[in-house]
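As structure tokens, the structure follows; a few thoughts come after it.
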């Protein structure tokens, strides 16, 4: 059933990178939920697999000395959802992780795999974009840091050089989550175990005078890659939350997206969802940040 040529198990990032260099075209496996599907469907043949499941540097969630939240890309979704730090600092992301697949999938699949697969429907990605996450990509030559908003380049495509780099850290700056409210909303045709038809994440902080001090909004499946809406964000920052402002956000967010027709949902449905989810996510983020929506 599975056409596997060779398998290797790395115990450190350095060992994994050395194996990648020695075996061009090898596939890195952590949770492996998508890799196994590709192999079963015969889309991946004569596979050389490099397991990074037991690399300790890629696991867990912690705060650094600056209060930034560091998430190991090998951390599974269930571990993020139940982690006290994640639930306290980035509850939006924790809740998004609990909307991925089935309980069995969430116990195995990892947030790093969700990012590196490049799927526009990845449930964790809009929250990471709205939290302005930074991704550390490591090779034998050193490290580089890429903003999550710049990581995806198209459907199934990222800036990760898969033959020579690993995603080794996800950093969420303290300034992006402290005193912020956030909300991720996913729409699917079913209530559970459904690939996202559209996903939207809003992240907000309020100023003492009741205006919006910080605002970010991100979408999945609203364009060929996960995106943020910078014009919408500029419009919201410095404004007082009102019902009229949220209605304006609907139109502005729609103008910054490029949804498409597919067998999963029509263009018209996705356009409606962009408007509705943008308003709902923003409203919830504002209220969770301590703001009120005025008439």
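Residue numbers (our numbering): 1391 to 1685.
For every residue, glycine included, the Cβ atom is placed at its ideal position computed from N, Cα and C.
Here the structure is a predicted model, which means the values were calculated and not measured.
Status (buried if at least 16 other CB within 10 Å, exposed otherwise) for residue 1505 = buried
Considering only C-alpha positions, which residue in the set 1624, 1502, 1555 and 1567 is nearest to residue 1643?
-> 1624
In chain order, what residues of the same chain lie with their CB nearer than 6 angstroms to the CB of residue 1680, ignoring the 5 residues before and after it?
-> 1596
In the DSSP assignment, what are the bridge partners of residue 1592?
-> 1573 and 1607
Residue 1529 - containing alpha helix (DSSP H), residue span | Taken as a continuous stretch (DSSP letters only), residue 1529 belongs to no alpha helix (DSSP H), being part of the beta strand (DSSP E) at 1524-1529.
In angstroms with no decimal places, state the Cα-to-Cα distance between residue 1493 and residue 1599.
-> 43 angstroms
Residues in its own chain within less than 7 angstroms of residue 1531 by CB, not counting five upstream and five downstream?
-> There are no such residues.
Neighbourhood of residue 1576 by C-beta distance below 7 angstroms, restricted to the same chain and skipping five residues each side = 1489, 1513, 1586 and 1589
Using 10 angstroms around the beta-carbon of residue 1593, count the other beta-carbons present and answer buried if the total reaches 16, otherwise exposed.
-> With 16 or more other Cβ atoms inside 10 Å of its own Cβ, residue 1593 counts as buried.
Identity of the residue in 1633, 1557, 1673 and 1556 nearest residue 1573 by Cα = Per the Cα distances, 1673.
Please report the residue range of the alpha helix (DSSP H) in which residue 1500 lies.
-> Counting along the chain, residue 1500 falls outside any alpha helix (DSSP H), and DSSP gives it neither H nor E.
Measure the C-alpha to C-alpha separation of residue 1684 and residue 1665 and round it to an integer number of angstroms.
-> 20 angstroms
Rounded C-alpha distance that separates residue 1456 from residue 1564 | 7 angstroms
Three-way DSSP call (helix, strand, coil) for residue 1559 in this model | strand
Would you check if the distance between the CB atom of residue 1501 and the CB atom of residue 1467 is smaller than 8 angstroms?
-> yes
With a floor of 4 residues, list each alpha helix (DSSP H) that falls wholly inside the stretch 1465-1502, ordered by position along the chain.
-> 1467-1472, 1474-1479, 1481-1487 and 1493-1496
Contact set for residue 1397: own chain, Cβ-Cβ below 6 angstroms, skip 5 residues either direction = 1439
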